[in-house]
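Undergrad: FYI, the UniProt record's numbering numbers position 636 of the sequence shown as 636, with every residue one higher than the one before it. Where a beta carbon is used, it is the ideal one built from N, C-alpha and C, also for glycine.
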Amino acid sequence: QVKSCRLSAALLGEDSEISQEQLYELLKYAALGKCHNAAQPSWCRIYHQSHLAGVVVVVLHEMSQLHFYRFYLQFKHLRRMFRHRFTLATSANFPVSLYGEETDLKPQNTSQGLTSTSSECTTKSSDLQCDPIIQRYGEKKQGLTSYTLTLEEQKKNDYPIEGSPGCKDYISTECDQQRTDSSPLFGLDCEMCLTAKGNEVTRVSLVDARGRCLLNELVKPESTVFNYRTRFSGITRKMLLPVKTRLSDIQTRLKKMLPHDAVLVGHSLNSDLQALEMIHPSVIDTSLLFARSEGRRFKLKFLAKAVLGKEIQCEQKLGHDPTEDARAALELAQFFIEQGPTKVAELNLEMLLTAEKLAEVSQNKAVQQPQGCGLQEQMNEPPPLSKPCFLDCLQVTGQKPLLLGRQGSDSSGLCQSNLSTSNKQILQRALEDVPLSKFSIIQFTLGPEYLASHLHAGLHEKVRSKLTDMLTIYAGPFEENFCMKSVKKEFGRCGPIQSLTVVTETFQPYVCIQYEVLEAAQLAVECLNGAEVAGSCIKVQRPVTAAMLDCNVLIKELELDVENQGVIYVAGLKKSVTETDLQEEFGRLKHLEALFLPKDLQSGKHRSCCFLKFQKTQSAVGALEAINGWTMKGSELRGRNALAPGHLWKWIWQMHHSNEKQGKHIFYEKMEQLSDSEQNLRKKVKKLDQNIRKLYRSLQNNTLCVVLFPGVNSTHGSQPGLGLMGIKDDEGRSAC
């Protein structure tokens, strides 16, 4: 008898932000299980993994958490189908994190405009003619200019281009002289941290053609740092404290250092140039130069060992050394140019990598080989160089992953497809092919016309504006000399207040109150409208704007959101209350599962409210009845059903504060363009929601389904992603 699989995850609160690596852990365990040495992920648990019918990942290309909440009503089915929801940390290259390798999947067969690949690789062929390096460059040696990226290749791989909308304020290196095969090569590498602006440079290294270090400089980011990425960058807060060098200083120095015919070399150099906010016309990208089957990319660490015989990015070191990486990329390009494509193809890099993956998967199990036989001796038994690529792991176990998506997407997309290919065609292929595969990745997109960065910026402003309106209430009228302290105290009992101002344009004074959580604003409307406050009988209402006409509908849908079931909001806590106090106070409530006491992200202090999550919805109803009127340390508590998932706290705060400097002038001209097409965009989102519903309904029971909004990293800022997940049960819904 097949056991019913189940998924559990305690995702209430700030801990609901999941890194790309944690997502990779989940997918690896779901697909491979304990029999292939995959471990249960630390942040969630799959029960009876061996009985999973399959794993389906739906990726919504270039969409973020912002899209989900902007079109919350249109995503009717998506928000009802999945019990578990989490914030997904943004990644400069999303497929890298999803597969554990740098990945840029390209179609094997585009006769129907669709990408559909499986792990039945053709790279095992001994015929060099089939090698992707020979197919791309031919067999003969060529000069370095043959390996620089064309303008079209740069556009496709997200390089900053002169005149493009997202690069308006970028600095040109002004290296505009004609390149020749004797032009000088320079290796470049940067380390980045995550800030309110997105990826910002923290360290820059430049080496010349002889490998000499010309620049190795720490850089102080302009914006507030959210994550130093110390594990990879080696950068810590302490290291940057005394640093005075800014990005503009580095830009100036690089312009002076580079001759007018310089060719820059790097591994995924587009990320470095984007972070440097610089434009350079002639580049060699070693992640593309050493072409791999199906368009995937080799890691720099692997290429350095396999091609140059050098160990870089050693685990003993804290973070990567950008000078070492810049030098390795430079030497790889020089090797390729000097030896030619045929010599590189003869290295059979794919076979070397597969052997290492096998060694990694087998977890150092003894492998007996005949004396003097081949691969292990040839390689001198090196340790595994990197984590196994997710697709390679599946291939080793004999599983055949299905990848369906569009061609012609940029390098951040999972798959590529002809832009004329519709989501409808992709859905049809998915309905036919997903049942035949144990692991499937399906990519949908809204289309290129809705993915431009300026449209995304306008969308961001609309969501920010609507959230601000929903967090804002007006109360009054009051007497001329009313007591503001009494008003603040009464309305503060509903939740933490962001700002409180007196409106004097009216005949009698009103007060404008902006809360920090949606529940507080709604509680104030429900509890204080018609109440006597500061000696006046007042009316409490939200702003009346066109965007707020559907506010009541949105509030109702938020209350019914599957993620808010069994979750209640409690306000009126004293700031001296600790989480231990709350555990003691509320621990007696029946079926209490989790407690979330939000913090101010600037001061780190607790807010005057909390969220309680119960195992059963009915228990939450009973608890709410008991809590309203409950006195704790002399303070009367108020409560209501939750409206916004706990993980939205951080997102709302970042969105609110990241635009404070920009003010109201941002993107108004561009926003008009978005408004003209918003009706069509809503229809597309609604159709996309229906497509996901059809796909989900077609899945077998006990199938793990994960829907990902990967997030967006652009010149206009970084937007976190969103993940929804569940295991389909007999009723066609996700099992908890």
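In whole angstroms, give me the CA-to-CA distance for D169 and V204.
TA: The residue given as residue 169 occupies position 169 in the sequence shown. The residue given as residue 204 occupies position 204 in the sequence shown. Each residue's Cα considered, the two are about 20 Å apart.
Undergrad: Given a cut-off of 7 Å on the beta-carbon distance, is the pair L708 and V59 in contact?
TA: Locating residue 708 in the sequence shown gives position 708, where the first residue counts as 1. Locating residue 59 in the sequence shown gives position 59, where the first residue counts as 1. Yes. Within cutoff.
Undergrad: In this structure, what does DSSP give as the bridge partners for N216?
TA: Taking the first residue of the sequence shown as 1, we reach residue 216 at position 216. Paired residue(s): S205.
Undergrad: Based on the DSSP output, what are the partners of residue 738 in its beta bridges?
TA: The structure shown has nothing for residue 738, since the chain only spans 1 to 736.
Undergrad: Would you say D261 and Q154 are within 7 Å of each other, going by their C-beta atoms?
TA: For the purposes of this step, residue 261 is taken as residue 261 along the sequence shown, with counting starting at 1. For the purposes of this step, residue 154 is taken as residue 154 along the sequence shown, with counting starting at 1. The answer is no: Cβ separation not under 7 Å.
Undergrad: Tell me whether the beta-carbon of residue 762 lies closer than 7 Å to the beta-carbon of R70.
TA: As displayed, the chain neither begins before 1 nor continues past 736, which places residue 762 out of reach and without an answer.
Undergrad: What is the C-beta distance between L643 and I555, in whole angstroms, given that I count them as a contact (C-beta under 8 Å)?
TA: Here the question's residue 643 lines up with position 643 in the sequence shown. Here the question's residue 555 lines up with position 555 in the sequence shown. About 7 Å; that satisfies the 8 Å criterion.
Undergrad: Below 8 Å on the Cβ atoms is my contact criterion, and I expect V283 with L247 to pass it. Report the Cβ-Cβ distance as a whole number of Å.
TA: Residue 283 sits at position 283 when you count from the first residue of the sequence shown. Residue 247 sits at position 247 when you count from the first residue of the sequence shown. Actually they are not in contact, since the Cβ atoms of V283 and L247 sit about 20 Å apart, beyond 8 Å.
Undergrad: Take the Cβ of T252 as the centre, count every other Cβ of all protein chains shown within 10 Å, and call the residue buried at 16 or more, exposed below.
TA: The count along the sequence shown starts at 1 and reaches residue 252 at position 252. Result: exposed.
Undergrad: Specify, as a first and last residue, the run of the alpha helix (DSSP H) that I134 falls within.
TA: Looking up residue 134 in the sequence shown gives position 134. Where I134 is concerned, the enclosing alpha helix (DSSP H) stretches over P132 to Y137.
Undergrad: Within the continuous alpha helix (DSSP H) that includes V344, where are the two ends?
TA: As a first step, residue 344 must be located in the sequence shown, where it is residue number 344. Start and end: P322 to E346.
Undergrad: My assumption, with CB atoms under 8 Å, is that F439 sits in contact with V55. Please give the rounded CB distance.
TA: To locate residue 439, count along the sequence shown from 1; it is residue 439. To locate residue 55, count along the sequence shown from 1; it is residue 55. Rounded, the Cβ-Cβ distance is 5 Å, consistent with contact.
Undergrad: What's the C-alpha gap between S164 and K466?
TA: Taking the sequence shown and counting its residues from 1, one reaches residue 164 at position 164. Taking the sequence shown and counting its residues from 1, one reaches residue 466 at position 466. So the two alpha carbons sit approximately 30 Å from each other.
Undergrad: For L589, name the three-state secondary structure that DSSP assigns.
TA: Walking along the sequence shown from the start, residue 589 turns up at place 589. In this structure, L589 counts as coil in the three-state DSSP scheme.
Undergrad: In this structure, what does DSSP give as the bridge partners for R638?
TA: What you label residue 638 is simply residue 638 of the sequence shown in a count that begins at 1. The partner list for R638 (beta bridge, DSSP) reads A571.
Undergrad: Spell out the partners DSSP gives D189 in its beta bridges.
TA: By 1-based counting over the sequence shown, the position of residue 189 is 189. S205.
Undergrad: Hey, how far is the Cα of Q20 from the Cα of V225?
TA: Against the sequence shown, residue 20 aligns to sequence position 20. Against the sequence shown, residue 225 aligns to sequence position 225. Using only the alpha carbons, I get a separation of about 19 Å.
Undergrad: Taking the alpha carbon of N628 as the point to measure from, which residue in G634, R638, A620 and G622 has its own alpha carbon closest?
TA: In the sequence shown, residue 628 corresponds to position 628, counting from 1. With distances taken between Cα atoms, N628 lies closest to R638.
Undergrad: Could you check how far apart the C-beta atoms of I250 and L276 are, in whole angstroms? I think they sit under 8 Å.
TA: For the purposes of this step, residue 250 is identified with residue 250 of the sequence shown, where counting begins at 1. For the purposes of this step, residue 276 is identified with residue 276 of the sequence shown, where counting begins at 1. That pair is a contact at about 7 Å.
Undergrad: Could you check the C-alpha separation between Y159 and T148 for me, to the nearest Å?
TA: The residue labelled residue 159 in the question sits at position 159 within the sequence shown. The residue labelled residue 148 in the question sits at position 148 within the sequence shown. If I take the Cα positions, the gap works out to 13 Å.
Undergrad: Determine whether the beta carbon atoms of L128 and A345 lie at a separation below 7 Å.
TA: On the sequence shown, residue 128 is found 128 positions in, with the first residue counted as 1. On the sequence shown, residue 345 is found 345 positions in, with the first residue counted as 1. Cβ distance < 7 Å, so L128 and A345 count as in contact.
Undergrad: Using the rule of at least 16 other Cβ atoms within 10 Å of the residue's Cβ for burial, across every protein chain shown, is F611 buried or exposed?
TA: Sequence index remark: in the sequence shown, residue 611 carries index 611 (1-based). By the neighbour-count rule (16 or more Cβ atoms within 10 Å), F611 is buried.
Undergrad: Could you spell out where the beta strand (DSSP E) holding T703 opens and where it closes?
TA: Sequence index remark: in the sequence shown, residue 703 carries index 703 (1-based). Unbroken beta strand (DSSP E) run through T703: T703 to F709.
Undergrad: Just to confirm, are C512 and T504 a CB contact at a threshold of 7 Å?
TA: In the sequence shown, counting from the first residue as 1, residue 512 sits at position 512. In the sequence shown, counting from the first residue as 1, residue 504 sits at position 504. Taking 7 Å as the Cβ cut-off, C512 and T504 do not qualify as a contacting pair.
Undergrad: Is K683 near the ligand NAD, judged by its Cβ being under 6 Å from some heavy atom?
TA: Within the structure as shown, the ligand NAD is missing, as the structure has no ligands at all.
Undergrad: For the beta strand (DSSP E) holding T501, just list the boundary residues, first then last.
TA: On the sequence shown, position 501 is the one that residue 501 refers to. First-last of the beta strand (DSSP E) with T501: I497 to V503.
Undergrad: So is L273 buried or exposed if we call it buried at 16+ other beta carbons inside 10 Å?
TA: Mapped onto the sequence shown, residue 273 falls at position 273. Flag for L273 reads buried.
Undergrad: Residue ranges of each beta strand (DSSP E) run of no fewer than 3 residues wholly in the stretch 238 to 306, ordered along the chain?
TA: Here the runs fully enclosed are 263 to 266 and 283 to 285.
Undergrad: Look at the Cβ atom of E331, then the Cβ atom of L308, and state whether they are nearer than 7 Å.
TA: By 1-based counting over the sequence shown, the position of residue 331 is 331. By 1-based counting over the sequence shown, the position of residue 308 is 308. Yes.
Undergrad: Take the Cβ of I727 as the centre, count every other Cβ of all protein chains shown within 10 Å, and call the residue buried at 16 or more, exposed below.
TA: In the sequence shown, residue 727 corresponds to position 727, counting from 1. Buried.
Undergrad: For the alpha helix (DSSP H) that contains Q65, what are its first and last residues?
TA: Along the sequence shown, read from residue 1 onward, the residue named residue 65 stands at position 65. Note, Q65: alpha helix (DSSP H), Q65 to R70.
Undergrad: Count the other CB atoms, across all protein chains shown, that sit within 10 Å of the CB of G723; report buried if there are 16 or more and exposed otherwise.
TA: Residue mapping note: residue 723 aligns to position 723 of the sequence shown, counting from 1. Per the 10 Å Cβ criterion, buried.
Undergrad: Please classify F82: does DSSP put it in a helix, a strand, or coil?
TA: Residue mapping note: residue 82 aligns to position 82 of the sequence shown, counting from 1. Reduced to three states, the DSSP call for F82 is coil.
Undergrad: Taking the alpha-carbon positions, what's the A521 to Y515 distance?
TA: Position 521 of the sequence shown holds residue 521. Position 515 of the sequence shown holds residue 515. Each residue's alpha carbon lies about 6 Å from the other.
Undergrad: If you draw a straight line from the C-alpha of K424 to the C-alpha of N691, how long is it?
TA: Along the sequence shown, read from residue 1 onward, the residue named residue 424 stands at position 424. Along the sequence shown, read from residue 1 onward, the residue named residue 691 stands at position 691. The straight-line gap from Cα to Cα measures roughly 8 Å.
Undergrad: At the level of alpha carbons, what is the spacing between D718 and S64?
TA: On the sequence shown, position 718 is the one that residue 718 refers to. On the sequence shown, position 64 is the one that residue 64 refers to. Asp is not the amino acid found at residue 718; the sequence shown has Ser there. So the alpha carbons of these two residues sit roughly 10 Å apart.
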